[in-house]
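Trainee: To start, I am sharing the structure in question, which I have written as C-alpha coordinates.
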Amino acid sequence: MSTSGDSRQDSNVTIESDEGAPTSMGLRAKTSAPTAVVERTNTLLQRQQLDGGMGARAHTETALDNVPPYHPEQINYDLHLPAEDDGGSGRRAKDEAQVDRYRLRTLKLPFDDPKEQQMFDMSFEQWRSIDRSSFGWRCRVPPPIKEIEDIEPWAKDDIHILDKIALVRCGVTQLALDAIVNAANEECLGGGGVDGAIHSAAGGLLRRECSTFNGCRTGHTRMTKGYHLPAKFILHTVGPMGERPTLLRSCYRSCLELAKHHSLRTVGFCCISTGIFGYPLRAATEVALWEAFSFLKRNRDHFDMLVFACFTEPEYDVYAKSIDDIYRRVMIEDTKALAAAAAIPTSVAESE
1 MSTSGDSRQD SNVTIESDEG APTSMGLRAK TSAPTAVVER TNTLLQRQQL DGGMGARAHT
61 ETALDNVPPY HPEQINYDLH LPAEDDGGSG RRAKDEAQVD RYRLRTLKLP FDDPKEQQMF
121 DMSFEQWRSI DRSSFGWRCR VPPPIKEIED IEPWAKDDIH ILDKIALVRC GVTQLALDAI
181 VNAANEECLG GGGVDGAIHS AAGGLLRREC STFNGCRTGH TRMTKGYHLP AKFILHTVGP
241 MGERPTLLRS CYRSCLELAK HHSLRTVGFC CISTGIFGYP LRAATEVALW EAFSFLKRNR
301 DHFDMLVFAC FTEPEYDVYA KSIDDIYRRV MIEDTKALAA AAAIPTSVAE SE
(Lines of atoms letter the chains of each structure in order from A and count residues from 1; the text may use other names and numbers.)
(Lines give C-alpha, C1' and ligand atoms only; values in the text may rest on other atoms or scores of the structure.)
Protein backbone atom coordinates (compact mmCIF):
# COMPACT_ATOMS: atom_id res chain seq x y z
CA MET A 1 0.00 0.00 0.00
CA SER A 2 1.41 3.36 -0.91
CA THR A 3 1.21 6.44 1.27
CA SER A 4 0.89 10.08 0.52
CA GLY A 5 4.55 10.79 1.20
CA ASP A 6 5.57 14.21 2.40
CA SER A 7 2.00 15.45 2.49
CA ARG A 8 1.13 12.98 5.26
CA GLN A 9 4.28 13.87 7.15
CA ASP A 10 3.29 17.53 7.09
CA SER A 11 -0.18 16.80 8.39
CA ASN A 12 0.67 17.25 12.08
CA VAL A 13 1.27 20.74 13.42
CA THR A 14 2.57 21.05 16.97
CA ILE A 15 1.75 24.16 18.99
CA GLU A 16 3.56 24.26 22.31
CA SER A 17 1.28 24.95 25.27
CA ASP A 18 2.38 27.48 27.86
CA GLU A 19 0.36 25.56 30.42
CA GLY A 20 2.87 22.73 30.27
CA ALA A 21 2.04 19.08 30.76
CA PRO A 22 -0.86 18.50 33.16
CA THR A 23 0.29 16.97 36.43
CA SER A 24 -2.96 15.25 37.33
CA MET A 25 -2.89 11.63 36.25
CA GLY A 26 -6.45 11.79 35.04
CA LEU A 27 -5.85 14.85 32.90
CA ARG A 28 -2.52 13.61 31.65
CA ALA A 29 -4.21 10.46 30.43
CA LYS A 30 -5.92 12.69 27.90
CA THR A 31 -2.78 14.47 26.70
CA SER A 32 0.05 11.93 26.37
CA ALA A 33 0.70 8.45 25.00
CA PRO A 34 3.33 5.96 26.26
CA THR A 35 6.37 5.74 24.00
CA ALA A 36 6.08 1.96 23.86
CA VAL A 37 2.57 2.24 22.44
CA VAL A 38 3.73 4.57 19.68
CA GLU A 39 6.61 2.26 18.77
CA ARG A 40 4.36 -0.81 18.84
CA THR A 41 1.80 0.83 16.56
CA ASN A 42 4.44 1.93 14.08
CA THR A 43 5.90 -1.57 14.03
CA LEU A 44 2.49 -3.10 13.35
CA LEU A 45 1.80 -0.68 10.51
CA GLN A 46 5.24 -1.25 8.97
CA ARG A 47 4.64 -5.00 9.01
CA GLN A 48 1.25 -4.50 7.40
CA GLN A 49 2.71 -2.37 4.61
CA LEU A 50 5.46 -4.92 3.90
CA ASP A 51 3.13 -7.92 3.98
CA GLY A 52 3.01 -9.19 0.42
CA GLY A 53 2.34 -12.86 1.09
CA MET A 54 -1.21 -14.12 1.00
CA GLY A 55 -0.42 -16.77 3.61
CA ALA A 56 0.95 -14.24 6.08
CA ARG A 57 -1.92 -11.91 5.35
CA ALA A 58 -4.52 -14.61 5.90
CA HIS A 59 -2.81 -15.61 9.15
CA THR A 60 -2.84 -12.00 10.38
CA GLU A 61 -6.45 -11.46 9.41
CA THR A 62 -7.49 -14.68 11.14
CA ALA A 63 -5.71 -13.57 14.29
CA LEU A 64 -7.52 -10.24 14.15
CA ASP A 65 -10.95 -11.76 13.62
CA ASN A 66 -11.30 -12.21 17.37
CA VAL A 67 -10.59 -8.57 18.16
CA PRO A 68 -13.82 -6.95 19.39
CA PRO A 69 -15.16 -3.90 17.53
CA TYR A 70 -13.75 -0.58 18.66
CA HIS A 71 -16.10 1.47 20.80
CA PRO A 72 -14.48 4.66 22.14
CA GLU A 73 -17.08 5.06 24.85
CA GLN A 74 -16.13 1.64 26.28
CA ILE A 75 -12.41 2.36 26.69
CA ASN A 76 -11.52 2.33 30.38
CA TYR A 77 -9.17 4.87 31.93
CA ASP A 78 -7.53 4.06 35.28
CA LEU A 79 -6.76 7.30 37.10
CA HIS A 80 -4.69 5.64 39.84
CA LEU A 81 -2.41 2.98 38.36
CA PRO A 82 0.57 4.41 36.44
CA ALA A 83 1.18 2.92 33.00
CA GLU A 84 4.48 1.53 31.73
CA ASP A 85 7.01 3.92 30.18
CA ASP A 86 5.08 7.03 31.19
CA GLY A 87 5.04 8.26 34.77
CA GLY A 88 1.37 8.20 35.53
CA SER A 89 -0.35 8.62 32.19
CA GLY A 90 -2.98 6.29 33.61
CA ARG A 91 -4.04 4.71 30.33
CA ARG A 92 -4.30 0.96 30.54
CA ALA A 93 -1.95 -0.94 28.27
CA LYS A 94 -4.68 -3.38 27.31
CA ASP A 95 -6.88 -0.55 26.06
CA GLU A 96 -4.00 0.88 24.03
CA ALA A 97 -3.39 -2.57 22.59
CA GLN A 98 -7.07 -2.86 21.67
CA VAL A 99 -6.91 0.43 19.79
CA ASP A 100 -3.66 -0.64 18.09
CA ARG A 101 -5.19 -3.92 16.93
CA TYR A 102 -8.26 -2.08 15.67
CA ARG A 103 -6.07 0.27 13.62
CA LEU A 104 -4.23 -2.65 12.07
CA ARG A 105 -7.42 -4.56 11.34
CA THR A 106 -8.88 -1.48 9.67
CA LEU A 107 -5.83 -1.19 7.43
CA LYS A 108 -6.09 -4.88 6.53
CA LEU A 109 -9.65 -4.65 5.28
CA PRO A 110 -9.94 -5.02 1.49
CA PHE A 111 -11.05 -2.05 -0.54
CA ASP A 112 -14.59 -2.31 -1.89
CA ASP A 113 -13.51 -0.91 -5.25
CA PRO A 114 -10.15 -0.26 -6.98
CA LYS A 115 -11.12 3.40 -7.29
CA GLU A 116 -11.39 3.61 -3.52
CA GLN A 117 -7.79 2.50 -3.19
CA GLN A 118 -6.77 5.13 -5.75
CA MET A 119 -8.55 7.77 -3.69
CA PHE A 120 -6.92 6.56 -0.49
CA ASP A 121 -3.40 6.49 -1.96
CA MET A 122 -3.54 10.01 -3.40
CA SER A 123 -1.35 12.71 -1.93
CA PHE A 124 -2.95 15.87 -0.60
CA GLU A 125 -1.82 17.81 -3.66
CA GLN A 126 -3.34 15.26 -6.04
CA TRP A 127 -6.58 15.19 -4.07
CA ARG A 128 -6.81 18.97 -4.12
CA SER A 129 -6.69 19.21 -7.92
CA ILE A 130 -8.60 16.15 -9.17
CA ASP A 131 -12.20 15.90 -10.27
CA ARG A 132 -13.42 13.59 -7.51
CA SER A 133 -16.41 12.41 -9.52
CA SER A 134 -14.06 10.65 -11.93
CA PHE A 135 -13.16 8.29 -9.08
CA GLY A 136 -16.71 7.41 -8.23
CA TRP A 137 -16.98 10.13 -5.59
CA ARG A 138 -20.44 10.94 -4.38
CA CYS A 139 -21.48 13.36 -1.67
CA ARG A 140 -22.99 11.50 1.28
CA VAL A 141 -24.28 14.61 3.03
CA PRO A 142 -27.96 15.34 2.36
CA PRO A 143 -28.86 18.79 1.00
CA PRO A 144 -28.69 21.66 1.42
CA ILE A 145 -24.96 21.94 0.75
CA LYS A 146 -23.47 25.39 1.29
CA GLU A 147 -20.94 26.43 -1.34
CA ILE A 148 -18.64 29.33 -0.61
CA GLU A 149 -20.68 31.46 -3.04
CA ASP A 150 -23.76 30.88 -0.87
CA ILE A 151 -22.15 32.15 2.34
CA GLU A 152 -22.43 35.83 3.21
CA PRO A 153 -19.50 37.39 5.08
CA TRP A 154 -20.23 39.11 8.38
CA ALA A 155 -19.32 42.46 6.79
CA LYS A 156 -19.79 42.76 3.03
CA ASP A 157 -17.51 45.77 2.73
CA ASP A 158 -13.77 45.40 3.04
CA ILE A 159 -13.66 46.36 6.72
CA HIS A 160 -10.28 45.10 7.85
CA ILE A 161 -10.92 41.38 8.43
CA LEU A 162 -14.67 41.19 9.05
CA ASP A 163 -15.21 40.49 5.36
CA LYS A 164 -13.37 37.18 5.83
CA ILE A 165 -15.52 35.92 8.72
CA ALA A 166 -18.89 34.22 8.27
CA LEU A 167 -21.48 32.70 10.57
CA VAL A 168 -23.91 30.03 9.34
CA ARG A 169 -26.68 28.05 11.01
CA CYS A 170 -26.00 24.48 9.88
CA GLY A 171 -23.83 21.46 10.52
CA VAL A 172 -20.18 21.72 9.56
CA THR A 173 -20.54 18.66 7.30
CA GLN A 174 -22.75 20.71 4.96
CA LEU A 175 -19.95 23.12 4.05
CA ALA A 176 -18.34 22.66 0.62
CA LEU A 177 -15.07 24.39 1.53
CA ASP A 178 -11.39 23.59 1.21
CA ALA A 179 -11.46 22.13 4.72
CA ILE A 180 -13.67 21.67 7.75
CA VAL A 181 -12.59 21.17 11.36
CA ASN A 182 -13.52 18.04 13.27
CA ALA A 183 -13.73 18.06 17.07
CA ALA A 184 -12.03 14.68 17.44
CA ASN A 185 -10.96 12.52 20.36
CA GLU A 186 -7.36 11.44 20.92
CA GLU A 187 -7.78 8.14 19.07
CA CYS A 188 -9.07 9.93 15.93
CA LEU A 189 -11.14 6.88 15.02
CA GLY A 190 -14.57 8.42 15.27
CA GLY A 191 -16.86 9.06 18.20
CA GLY A 192 -20.11 10.83 18.98
CA GLY A 193 -21.49 14.22 18.05
CA VAL A 194 -19.86 16.07 15.17
CA ASP A 195 -16.99 13.56 15.13
CA GLY A 196 -19.38 10.71 14.43
CA ALA A 197 -21.30 12.73 11.83
CA ILE A 198 -18.10 13.54 9.94
CA HIS A 199 -16.87 9.94 9.95
CA SER A 200 -20.28 8.66 8.89
CA ALA A 201 -20.54 11.06 5.96
CA ALA A 202 -16.92 10.73 4.84
CA GLY A 203 -17.13 6.93 4.74
CA GLY A 204 -14.81 4.11 5.73
CA LEU A 205 -11.79 5.53 3.92
CA LEU A 206 -11.54 8.27 6.54
CA ARG A 207 -11.23 5.81 9.40
CA ARG A 208 -8.69 3.86 7.36
CA GLU A 209 -6.56 6.99 6.88
CA CYS A 210 -6.91 7.91 10.55
CA SER A 211 -5.61 4.43 11.37
CA THR A 212 -2.29 5.25 9.69
CA PHE A 213 -1.28 7.67 12.46
CA ASN A 214 -1.16 7.13 16.19
CA GLY A 215 -3.94 9.46 17.26
CA CYS A 216 -3.59 13.14 18.13
CA ARG A 217 -2.70 14.95 21.34
CA THR A 218 -4.92 17.55 22.97
CA GLY A 219 -4.41 20.97 21.40
CA HIS A 220 -2.84 19.52 18.25
CA THR A 221 -4.23 18.96 14.74
CA ARG A 222 -4.04 16.21 12.12
CA MET A 223 -5.11 16.56 8.49
CA THR A 224 -6.80 13.99 6.26
CA LYS A 225 -8.69 13.97 3.00
CA GLY A 226 -12.43 14.57 3.21
CA TYR A 227 -13.42 11.63 0.97
CA HIS A 228 -17.23 11.69 0.56
CA LEU A 229 -17.76 15.00 2.34
CA PRO A 230 -18.42 18.19 0.36
CA ALA A 231 -15.19 19.60 1.86
CA LYS A 232 -11.90 18.47 0.32
CA PHE A 233 -10.01 18.07 3.60
CA ILE A 234 -10.60 17.59 7.32
CA LEU A 235 -8.57 19.15 10.13
CA HIS A 236 -8.93 16.88 13.16
CA THR A 237 -8.20 18.69 16.42
CA VAL A 238 -8.59 17.43 19.98
CA GLY A 239 -10.11 19.96 22.35
CA PRO A 240 -9.55 20.03 26.11
CA MET A 241 -11.86 18.57 28.72
CA GLY A 242 -13.26 21.49 30.69
CA GLU A 243 -12.31 25.15 30.56
CA ARG A 244 -8.61 25.20 29.67
CA PRO A 245 -8.15 28.23 27.40
CA THR A 246 -4.49 27.69 26.49
CA LEU A 247 -5.20 24.26 25.04
CA LEU A 248 -8.33 25.48 23.25
CA ARG A 249 -6.37 28.37 21.74
CA SER A 250 -3.83 25.82 20.57
CA CYS A 251 -6.59 23.89 18.77
CA TYR A 252 -7.66 26.90 16.70
CA ARG A 253 -4.11 28.11 16.14
CA SER A 254 -2.85 24.73 14.97
CA CYS A 255 -5.83 24.35 12.60
CA LEU A 256 -5.13 27.74 11.06
CA GLU A 257 -1.39 27.11 10.80
CA LEU A 258 -1.99 23.78 9.08
CA ALA A 259 -4.56 25.32 6.73
CA LYS A 260 -2.11 28.07 5.83
CA HIS A 261 0.69 25.53 5.27
CA HIS A 262 -1.47 23.59 2.78
CA SER A 263 -2.96 26.71 1.13
CA LEU A 264 -6.50 25.94 2.26
CA ARG A 265 -8.22 29.26 1.70
CA THR A 266 -11.69 28.47 3.05
CA VAL A 267 -12.08 26.71 6.40
CA GLY A 268 -15.21 25.78 8.33
CA PHE A 269 -15.14 25.44 12.13
CA CYS A 270 -17.49 23.58 14.41
CA CYS A 271 -17.75 24.45 18.12
CA ILE A 272 -14.78 22.72 19.75
CA SER A 273 -15.04 21.25 23.28
CA THR A 274 -18.47 22.76 24.00
CA GLY A 275 -20.42 19.49 24.04
CA ILE A 276 -19.65 16.58 26.34
CA PHE A 277 -16.14 17.99 26.84
CA GLY A 278 -17.78 20.61 29.06
CA TYR A 279 -16.25 23.89 27.91
CA PRO A 280 -18.71 26.78 28.57
CA LEU A 281 -20.13 27.95 25.24
CA ARG A 282 -19.61 31.69 25.70
CA ALA A 283 -16.02 31.30 26.89
CA ALA A 284 -15.22 28.89 24.05
CA THR A 285 -16.77 31.28 21.53
CA GLU A 286 -14.53 34.11 22.72
CA VAL A 287 -11.44 31.93 22.31
CA ALA A 288 -12.51 30.84 18.82
CA LEU A 289 -13.21 34.35 17.55
CA TRP A 290 -10.15 35.89 19.22
CA GLU A 291 -7.83 33.34 17.59
CA ALA A 292 -9.53 33.74 14.20
CA PHE A 293 -9.28 37.55 14.23
CA SER A 294 -5.73 37.52 15.58
CA PHE A 295 -4.58 35.05 12.94
CA LEU A 296 -6.32 36.90 10.12
CA LYS A 297 -4.64 40.16 11.12
CA ARG A 298 -1.25 38.58 10.43
CA ASN A 299 -2.30 36.33 7.53
CA ARG A 300 -5.14 38.12 5.78
CA ASP A 301 -3.92 37.30 2.27
CA HIS A 302 -3.77 33.56 2.98
CA PHE A 303 -7.52 33.10 3.50
CA ASP A 304 -10.72 33.91 1.64
CA MET A 305 -13.16 32.93 4.38
CA LEU A 306 -13.28 31.43 7.88
CA VAL A 307 -16.77 30.06 8.50
CA PHE A 308 -18.19 29.22 11.92
CA ALA A 309 -20.92 26.58 11.60
CA CYS A 310 -23.41 26.64 14.47
CA PHE A 311 -25.54 23.52 14.66
CA THR A 312 -27.93 24.86 17.31
CA GLU A 313 -29.73 28.16 17.75
CA PRO A 314 -28.04 28.92 21.11
CA GLU A 315 -24.63 28.48 19.49
CA TYR A 316 -25.55 30.83 16.66
CA ASP A 317 -26.91 33.46 19.07
CA VAL A 318 -23.76 33.45 21.21
CA TYR A 319 -21.50 33.81 18.16
CA ALA A 320 -23.67 36.53 16.63
CA LYS A 321 -23.62 38.55 19.87
CA SER A 322 -19.86 38.10 20.31
CA ILE A 323 -18.36 38.79 16.87
CA ASP A 324 -18.38 42.60 16.90
CA ASP A 325 -17.26 42.82 20.53
CA ILE A 326 -14.35 40.40 20.10
CA TYR A 327 -13.35 42.14 16.87
CA ARG A 328 -13.18 45.52 18.64
CA ARG A 329 -11.17 44.07 21.51
CA VAL A 330 -8.67 42.46 19.15
CA MET A 331 -8.25 45.68 17.19
CA ILE A 332 -7.87 47.73 20.39
CA GLU A 333 -5.24 45.29 21.61
CA ASP A 334 -3.42 45.71 18.31
CA THR A 335 -3.60 49.50 18.55
CA LYS A 336 -2.20 49.42 22.08
CA ALA A 337 0.66 47.20 20.96
CA LEU A 338 1.52 49.56 18.10
CA ALA A 339 1.35 52.57 20.42
CA ALA A 340 3.60 50.86 22.96
CA ALA A 341 6.10 49.99 20.25
CA ALA A 342 6.09 53.56 18.96
CA ALA A 343 6.79 54.86 22.48
CA ILE A 344 10.04 52.87 22.84
CA PRO A 345 13.08 55.14 22.35
CA THR A 346 15.17 54.27 19.31
CA SER A 347 18.27 53.63 21.40
CA VAL A 348 16.39 51.15 23.60
CA ALA A 349 14.88 49.35 20.60
CA GLU A 350 18.28 49.04 18.95
CA SER A 351 19.88 47.71 22.15
CA GLU A 352 17.27 44.96 22.30
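If you count the sequence shown from 1, position 112 lands on 112 in the UniProt record's numbering, and the numbers rise without skipping.
Virtual Cβ for every residue (Gly too), placed ideally from N, Cα, C.
If you're wondering where the values come from, they're calculated on a predicted model, not measured in any experiment.
Count the other C-beta atoms from every protein chain shown that fall within 10 angstroms of the C-beta of residue 354, then say buried if there are 16 or more, exposed otherwise.
Mentor: In the structure displayed, the chain extends from 1 to 352; residue 354 sits before or after that span and is not available.
Trainee: Do you know offhand how far residue 263's Cα is from residue 222's?
Mentor: If you take the alpha carbons of residue 263 and residue 222, they lie about 15 Å apart.
Trainee: For residue 149, which three-state DSSP category applies?
Mentor: Helix, per DSSP.
Trainee: Taking the alpha carbon of residue 170 as the point to measure from, which residue in 197, 245, 240 has its own alpha carbon closest?
Mentor: Nearest C-alpha to residue 170: 197.
Trainee: What do you get for residue 96, buried or exposed, if any count of 16 or more other CB atoms within 10 angstroms of its CB means buried?
Mentor: By the neighbour-count rule (16 or more Cβ atoms within 10 Å), residue 96 is buried.
Trainee: So, is residue 110 buried or exposed, given that buried needs 16 or more other C-beta atoms within 10 angstroms?
Mentor: The residue is exposed, with fewer than 16 neighbouring Cβ atoms inside 10 Å.
Trainee: For residue 155, which three-state DSSP category applies?
Mentor: Three-state result, residue 155: coil.
Trainee: Assuming contact is defined by CB atoms lying nearer than 8 Å, are residue 270 and residue 284 in contact in what I supplied?
Mentor: Not closer than 8 Å, so no.
Trainee: Among residues of its own chain, excluding the 5 on either side of residue 268, which ones have a beta-carbon nearer than 6 Å to its beta-carbon?
Mentor: Here the set comprises 172, 175, 177, 180, 307, 309.
Trainee: With a threshold of 7 Å on Cβ separation, who are the neighbours of residue 146 within its own chain once the five nearest residues in sequence on each side are excluded?
Mentor: For residue 146, where only same-chain residues beyond five positions count, the Cβ hits under 7 Å are 168, 170, 174, 175, 176.
Trainee: Taking contact to mean 3 or more Cβ pairs, one atom from each stretch, closer than 8 Å, check whether the region 191–205 and the region 322–331 are in contact.
Mentor: Short answer: they don't touch.
Trainee: Per DSSP, which residues does residue 236 bridge with? Please list them.
Mentor: DSSP, once it has assigned bridges, lists 182, 222 as partnering residue 236.
Trainee: For residue 196, which beta-bridge partners are listed by DSSP?
Mentor: Note: residue 196 sits in no beta bridge, so no partner.
Trainee: If you run the structure through DSSP and keep just helix, strand and coil, what is residue 331?
Mentor: If DSSP states are grouped into helix, strand and coil, residue 331 belongs with the helices.
Trainee: Where DSSP assigns a beta bridge to residue 305, which residues make up the other side?
Mentor: DSSP, once it has assigned bridges, lists 266 as partnering residue 305.
Trainee: Could you work out which residue in 312, 225, 287 is closest to residue 251 when comparing CA atoms only?
Mentor: Nearest option by C-alpha distance: 287.
Trainee: On the criterion of 16 or more Cβ atoms from any shown chain inside 10 Å, does residue 129 qualify as buried, or is it exposed?
Mentor: Per the 10 Å Cβ criterion, exposed.
Trainee: Tell whether a beta-carbon distance below 8 Å holds between residue 281 and residue 313.
Mentor: Against a cut-off of 8 Å, the Cβ pair of residue 313 and residue 281 comes out as no contact.
Trainee: Excluding five sequence neighbours on each side, which residues of the same chain lie with their C-beta closer than 7 Å to the C-beta of residue 161?
Mentor: Here the set comprises 293, 296, 297, 300.
Trainee: Check residue 288 in the structure and name its three-state DSSP category.
Mentor: Three-state result, residue 288: helix.
Trainee: Just how far apart, CA to CA, sit residue 191 and residue 143?
Mentor: Roughly 23 Å separates the two Cα atoms.
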